[in-house]
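Engineer:
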Amino acid sequence: MLTLIAAVIKRDLKLAMRRQADMVSAIFFFIIVVSLFPLGIGPEADLLRKLAPGVLWVAALLATMLSLPRLFADDHRDGTLEQLALAPHPLGLVVTGKVIAHWLVSGLPLALIAPVLGLQFDLSTEALLAVTLSILIGTPALSGIGAIGAALTLGLRGGGVLISLLVLPLYIPVLIFGAGAVDATVTGLGGEGHLSLLAALTFASIGFAPWAAAAALKIALE
Amino acid sequence: MTDRFNLYRFSSPATFYPLAGAMIPYFVAVSALFGIAGLWLGMLVAPTDFQQGEGYRIIFIHVPASWMSMFIYLVMAFWAAIGLAFNTRLSGMMAQALAPTGALMAFLSLWTGALWGKPMWGAWWVWDARLTSELILLFLYIGYMALTAAIDDVRRADKAGGLLLLVGVVNIPIIYFSVKWWNTLHQGSSVNLAKSSMATTMLWGMLLMAMCFWMYSIAMALMRVRTIMLERERHTDWVKKLIAGDEK
Amino acid sequence: MLEADNLECVRGERRLFAGIGFTLAAGELLYLQGKNGSGKTSLLRMLIGLLPPESGTIRWRGAAIKSDDYRADLCYLGHLNAIKEELTPLENLLAGARLADARLSEVEALAALEQVGLAGREDLACKYLSQGQKRRVALARLVNEKRPLWILDEPFVALDSAAVDWLAGIISAHLQRGGLAVMTTHQRVDIAAGALRELRLG
Amino acid sequence: MIHWASFSDFLAMGGYGLYVWGSFGVTAFVMAIEPITIRRNRSATIIRLQRQLRAETRNAAQ
Numbered sequence: 007m008l009t010l011i012a013a014v015i016k017r018d019l020k021l022a023m024r025r026q027a028d029m030v031s032a033i034f035f036f037i038i039v040v041s042l043f044p045l046g047i048g049p050e051a052d053l054l055r056k057l058a059p060g061v062l063w064v065a066a067l068l069a070t071m072l073s074l075p076r077l078f079a080d081d082h083r084d085g086t087l088e089q090l091a092l093a094p095h096p097l098g099l100v101v102t103g104k105v106i107a108h109w110l111v112s113g114l115p116l117a118l119i120a121p122v123l124g125l126q127f128d129l130s131t132e133a134l135l136a137v138t139l140s141i142l143i144g145t146p147a148l149s150g151i152g153a154i155g156a157a158l159t160l161g162l163r164g165g166g167v168l169i170s171l172l173v174l175p176l177y178i179p180v181l182i183f184g185a186g187a188v189d190a191t192v193t194g195l196g197g198e199g200h201l202s203l204l205a206a207l208t209f210a211s212i213g214f215a216p217w218a219a220a221a222a223l224k225i226a227l228e
Numbered sequence: 032m033t034d035r036f037n038l039y040r041f042s043s044p045a046t047f048y049p050l051a052g053a054m055i056p057y058f059v060a061v062s063a064l065f066g067i068a069g070l071w072l073g074m075l076v077a078p079t080d081f082q083q084g085e086g087y088r089i090i091f092i093h094v095p096a097s098w099m100s101m102f103i104y105l106v107m108a109f110w111a112a113i114g115l116a117f118n119t120r121l122s123g124m125m126a127q128a129l130a131p132t133g134a135l136m137a138f139l140s141l142w143t144g145a146l147w148g149k150p151m152w153g154a155w156w157v158w159d160a161r162l163t164s165e166l167i168l169l170f171l172y173i174g175y176m177a178l179t180a181a182i183d184d185v186r187r188a189d190k191a192g193g194l195l196l197l198v199g200v201v202n203i204p205i206i207y208f209s210v211k212w213w214n215t216l217h218q219g220s221s222v223n224l225a226k227s228s229m230a231t232t233m234l235w236g237m238l239l240m241a242m243c244f245w246m247y248s249i250a251m252a253l254m255r256v257r258t259i260m261l262e263r264e265r266h267t268d269w270v271k272k273l274i275a276g277d278e279k
Numbered sequence: 215m216l217e218a219d220n221l222e223c224v225r226g227e228r229r230l231f232a233g234i235g236f237t238l239a240a241g242e243l244l245y246l247q248g249k250n251g252s253g254k255t256s257l258l259r260m261l262i263g264l265l266p267p268e269s270g271t272i273r274w275r276g277a278a279i280k281s282d283d284y285r286a287d288l289c290y291l292g293h294l295n296a297i298k299e300e301l302t303p304l305e306n307l308l309a310g311a312r313l314a315d316a317r318l319s320e321v322e323a324l325a326a327l328e329q330v331g332l333a334g335r336e337d338l339a340c341k342y343l344s345q346g347q348k349r350r351v352a353l354a355r356l357v358n359e360k361r362p363l364w365i366l367d368e369p370f371v372a373l374d375s376a377a378v379d380w381l382a383g384i385i386s387a388h389l390q391r392g393g394l395a396v397m398t399t400h401q402r403v404d405i406a407a408g409a410l411r412e413l414r415l416g
Numbered sequence: 689m690i691h692w693a694s695f696s697d698f699l700a701m702g703g704y705g706l707y708v709w710g711s712f713g714v715t716a717f718v719m720a721i722e723p724i725t726i727r728r729n730r731s732a733t734i735i736r737l738q739r740q741l742r743a744e745t746r747n748a749a750q
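Protein chains in written order, with the numbering used here: chain A, 7 to 228; chain B, 32 to 279; chain C, 215 to 416; chain D, 689 to 750.
#1: First and last residue of the beta strand (DSSP E) that includes V224(C)?
#2: So is I365(C) buried or exposed if we call it buried at 16+ other beta carbons inside 10 Å?
#3: Leaving out the 5 sequence neighbours to the left and right, which residues in its chain are closer than 7 Å to I143(A) when beta-carbon positions are compared?
#4: Mind listing the chain C neighbours of Q26(A)? Cutoff is C-beta to C-beta under 9 Å, in chain order.
#5: Pick out whichever of A210(A), L195(A), F183(A) has its Cα sitting closest to the Cα of L67(A).
#6: Can you round the beta-carbon distance between R88(B) and G73(B) to whole angstroms, since I take them to be within the 8 Å contact cut?
#7: Between I55(B), A68(B), L178(B), which lies nearest to L194(B) when the distance is taken from Cα to Cα?
#8: Beta strand (DSSP E) containing Q329(C): first to last residue?
#9: With a CB to CB cut of under 8 Å and the five nearest residues on each side skipped, what residues in its chain are close to V222(B)?
#10: Going along chain A, which residues have a C-beta under 9 Å from W211(B)?
#11: Could you work out which residues of chain B lie near G226(C), taking near to mean beta carbons separated by less than 7 Å?
#12: Kindly list the residues whose CB is nearer than 8 Å to the CB of E222(C), restricted to its own chain and excluding five residues on each side of it in sequence; keep chain order.
#13: Return helix, strand or coil for Q247(C), following the three-state DSSP convention.
#14: Between P362(C) and chain B, is the shortest Cβ-Cβ distance under 9 Å, so that the two count as touching?
#15: Nearest chain C C-beta to G113(A) closer than 9 Å, yes or no?
#16: What residues in its chain sit with their C-beta under 6 Å from that of D219(C), if we drop five residues either side in the sequence?
#17: A219(A) and A147(A) look like a contact to me (Cβ under 8 Å); what is the Cβ gap, rounded to whole Å?
#18: In whole angstroms, what is the alpha-carbon distance linking G710(D) and L139(B)?
#19: Check whether the segment 331-346 of chain C and the segment 292-308 of chain C touch, using three or more Cβ-Cβ pairs below 8 Å as the test.
#20: Name the two residues that bound the continuous alpha helix (DSSP H) containing C243(B).
#21: Kindly say whether L139(B), judged by its beta-carbon, lies nearer than 9 Å to any beta-carbon of chain D.
#22: At a CB-CB cut-off below 7 Å, which residues of chain B make contact with R163(A)?
#23: Residues of chain B with CB under 8 Å from N747(D), in chain order?
#24: Skipping 5 residues on each side, what residues in its chain have a beta carbon closer than 8 Å to that of L699(D)?
#25: Closer than 8 Å, Cβ to any Cβ of chain B: which residues of the segment 719-743 of chain D, in chain order?
#26: Report buried or exposed for K298(C), applying the criterion of at least 16 other Cβ atoms within 10 angstroms of its Cβ.
#27: Applying a beta-carbon distance threshold of less than 9 Å, which residues of chain A neighbour Y342(C)?
#28: Helix, strand or coil for E198(A)? Go by DSSP, reduced to three states.
#29: Count the other CB atoms, across all protein chains shown, that sit within 10 Å of the CB of G124(A); report buried if there are 16 or more and exposed otherwise.
#30: Which value, in whole angstroms, describes the spacing of the CA atoms of S43(B) and T267(B)?
#31: So, helix, strand or coil for A45(B), using DSSP?
#32: At which residue ranges does the segment 335-383 of chain C contain complete beta strand (DSSP E) runs of 3 or more residues, listed in the order of the chain?
#33: Tell me whether the segment 282-299 of chain C and the segment 74-94 of chain A touch, counting them as touching only if at least three CB pairs, one residue from each stretch, are closer than 8 Å.
#34: Output yes or no for whether 9 Å exceeds the beta carbon distance between T398(C) and Y284(C).
#35: How many Å lie between S694(D) and T79(B) at the Cα?
#36: Assign D268(B) to one of three DSSP states: helix, strand, or coil.
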């Protein structure tokens, strides 16, 4: 079971490395969106510090969503998805592997860059740590829930816009607790509570979402 | 050799279509009766609220609309579960027939909520937990309708929509509690309605209006499901016969 | 071993076929024939378990096909190649086998690629290969395929005559080992089989 | 029994007339429009299906 998940992750990472443009463009999207906000809002440090958690999190959410339409589309187009669905193990395991791979190329880099971008907002060291930690813990849930949206809209016209419509309402708890963790740290309340709720959301969605996504993929393959 | 589940017969469109047609007038009539009674009690008899004056009378539509918007989503999820489990054709049609009415209820809930909020809280919109959750519910309805509309194959549309509904139903409590919690953390904008002991006439008015909305929603869903049935079953003999009969 | 009984297929709102049935024993080959749009591919998708039939049953070794065990006995080759453009033929073969739970060593994979005439191109990303060569990468998977039931959708399309003969030989060998095969094809190709069955749709 | 002294009192709703009647008005409007659109949709569907059926029977007759 673990070897299968590892095999899927390895393959998807290899593919992502051969086609870096996707990954890089999502990261640049994140950087640009976050950097645009101070220009739009003005340079007052107090205001920026207050807005930073929300801005970083919304940008991370949008950047994650940017790469969702391709999560299954490539495998669907070239017939690999059929073969994966026909392999003698549950499709949910394969999807789990794909979700983890998606997080490794989309969520993880964002978490690593976020503290650097947080500097633009004059955040303290603890706040920067909270930014990294919350994005690190929260983005797997985004990949998991996003996989359901990607599977449901597989092969549809205007799939990209539809994904955002389906997935964004479901992202709200992650956004609330993610940005809340940073906010609580900034205001000195301590973000542990938020972070543990975020971790709970992530565990729940990593455990549950791949199976729902697998069911959606089977519907799409009929 | 049809050893299918017995439900299948009842849920066969050919049986259900005339049945639905016969039931619609009754639901409309009952809805109208409840509406008249509710409005009479709520608008004419019920006393002034000592805190909110006459403005509170908006609850006679606001609360029923909010209830229905949530209830209809649950009913859709119920049909979705039936459809995915037993592969009945009717379930998907019912879910699709209910969705626009549910979305309208969510819209009415938001609209009346805003009109209530302005005099009571001084703002058309506050990021109150209930209003925010209702807005998200409206998005969920729109997402469902957009997804089913984007899929050409009706079977796939039913199944994919059903799956989305089930995922949504699991998420609604999580969304609701997270929004509620977020709201209490960011105090200031939220104005809690002081709990006033409601006069019994008000309560009755509200319940009657809720029944009116309920019956109305059933009538609308039945009307819509009949059209969906004709469209989807256009190649079957019973629809052809029916259509040919209409021609005369 | 493979039995289909009274299958009915409805796509969109059209009934493609109904009352289709057959049995296939070890060493036998089933040719599926029919015009375009008669439901050949749909029937294949029912046989591989991706498309649930409107009515009717499909059994493998006496059991319904909705299980991992059935898929462990099944090899499906669709009209899509199921290869990744970014990976090399060798990587494609190895990754494909790994994800399908099949054992395939690098030596075996290289030998298979040589057999389909891709020697010297093992390490070239598949996007630089021609259509025919990509198809061969997909077919190379059959060389070491030990699973008993092969379901092939138009396997001979886009192949030159040498490749057609080679593939026919591979399928014959599979049938002589006691395997089963179901395939759709427009071309008649001579394949030695225990018994040749035909099913015409539409 | 009736709470209101006069009809104009009823309309004024104790100063909340705009909000109350804005809510009830839009609700009534929506609830009137919905069945009408469903009905229209239905007759349009029936007409379209009849046209298709006629075309089909004509083709079958030829």
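Think of the CB as a built atom: it goes at the ideal place given N, C-alpha and C, for glycine as much as any other residue.
Structural biologist: On the basis of the supplied data:
#1: 216-225
#2: buried
#3: L201, L204, A205, T208
#4: Within 9 Å Cβ-Cβ: nothing; Q26(A) doesn't reach chain C, min ~11 Å.
#5: F183(A)
#6: 6 Å
#7: L178(B)
#8: Careful: Q329(C) lies outside any beta strand (DSSP E), inside the alpha helix (DSSP H) at 320-329.
#9: Legend: pLDDT at V222(B) = 42, less than 50; position of this residue unreliable, value from coordinates given subsequently. Same-chain partners within the cutoff: M151, W152, V157, D159.
#10: For the record, residue 211(B) in the displayed sequence is Lys; it is not Trp. The contacting residues do not exist; K211(B) stays about 10 Å from chain A at best.
#11: D184
#12: R229, F231, A232, G233, I234, P267, E268, S269, G270
#13: strand
#14: no
#15: no
#16: G235, G270, T271
#17: 13 Å between Cβ atoms; not a contact.
#18: 11 Å
#19: yes
#20: 231-263
#21: yes
#22: A181
#23: Result: empty, since nearest Cβ-Cβ is about 14 Å, beyond 8 Å.
#24: G705, W709
#25: M719, E722, P723, I726, R727, N729, R730, T733, I734, L737, Q738, Q740, L741
#26: buried
#27: Chain A residues near Y342(C): none, gap ~13 Å exceeds 9 Å.
#28: helix
#29: buried
#30: 12 Å
#31: helix
#32: 363-367
#33: yes
#34: no
#35: 15 Å
#36: helix
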